[in-house]
Amino acid sequence: MKKTIKYIGFTTSLPNNINFVKNNYTNDDYNKFNSIQIYFDNNTLTTQHLTKINNILNIINYKFIFVHSSYTINIATEPLLNKTTFYNPHLELFINQLKYALQINSNGIVLHLGKFTNKNKNKNIAYNNMI
27 MKKTIKYIGF TTSLPNNINF VKNNYTNDDY NKFNSIQIYF DNNTLTTQHL
77 TKINNILNII NYKFIFVHSS YTINIATEPL LNKTTFYNPH LELFINQLKY
127 ALQINSNGIV LHLGKFTNKN KNKNIAYNNM I
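Going by the working numbering, the sequence shown wraps up at 157, each residue one higher than the last.
Right, here's the structure in full:
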């Protein structure tokens, strides 16, 4: 009996890379992988972007789909005052990426918590942003 080898995962950035993926990989290439990790190379995705991503994902029925969140997200940042309310652009970006991950039926999201860019950061803020 011939043994089929499955590789753990295929990683790509989408949607800007979508034509490269379509033009340089065949169904045989996709069949080598049982999972895919997607890095959204655009912080704001349109319905058209998400449709194109879903079309690529529908080529092969991956067992697992993961989103790799943006490296620019830093959970340790303090909220900013925006007119009369506080907001955190890093958390806003992460929330958007969570929404996009749901729209492509992702199994999970990889998040790097960021780092303190100066030693005066309040560790309680980082903790509160994570919970």
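Using N, Cα and C, we set each Cβ at its ideal position, and we do this for glycine too. As the structure is a prediction and not an experimental result, all values here were calculated from the model.
Range of the contiguous alpha helix (DSSP H) that encloses I82
On the sequence shown, residue 82 is found 56 positions in, with the first residue counted as 1. I82 -> alpha helix (DSSP H) spans T73 to I85.
Identify the continuous beta strand (DSSP E) that holds L107 and give its terminal residues.
Here residue 107 is taken as the residue at index 81 of the sequence shown, counted from 1. Unbroken beta strand (DSSP E) run through L107: L106 to N108.
Endpoints, beta strand (DSSP E) assigned at L116:
Counted from its first residue, the sequence shown places residue 116 at position 90. The identity of residue 116 in the sequence shown is His, whereas the question assumes Leu. Where H116 is concerned, there is no enclosing beta strand (DSSP E), although the alpha helix (DSSP H) it sits in stretches over P115 to Q129.
For Y153, the three-state DSSP class (helix, strand or coil)
Here residue 153 corresponds to residue number 127 of the sequence shown, with the count starting at 1. It is helical.
Grouping DSSP H, G and I as helix and E and B as strand, with all else coil, what is I101?
Within the sequence shown, the letter at position 75 stands for residue 101. I101 falls in the coil class under three-state DSSP.
If we ignore side chains and look at the alpha-carbon of each, how far apart do N114 and Y88 end up?
Here residue 114 refers to the residue found at position 88 of the sequence shown. Here residue 88 refers to the residue found at position 62 of the sequence shown. One C-alpha to the other measures close to 34 Å.
What span of residues does the beta strand (DSSP E) with L40 cover, start to end?
As a working mapping, residue 40 is identified with position 14 in the sequence shown. DSSP places L40 in the uninterrupted beta strand (DSSP E) bounded by F36 to L40.
Residues bridged to V47 (per DSSP):
Taking the sequence shown and counting its residues from 1, the one referred to as residue 47 is at position 21. According to DSSP, which records beta bridges pairwise, V47 is partnered with nothing at all.
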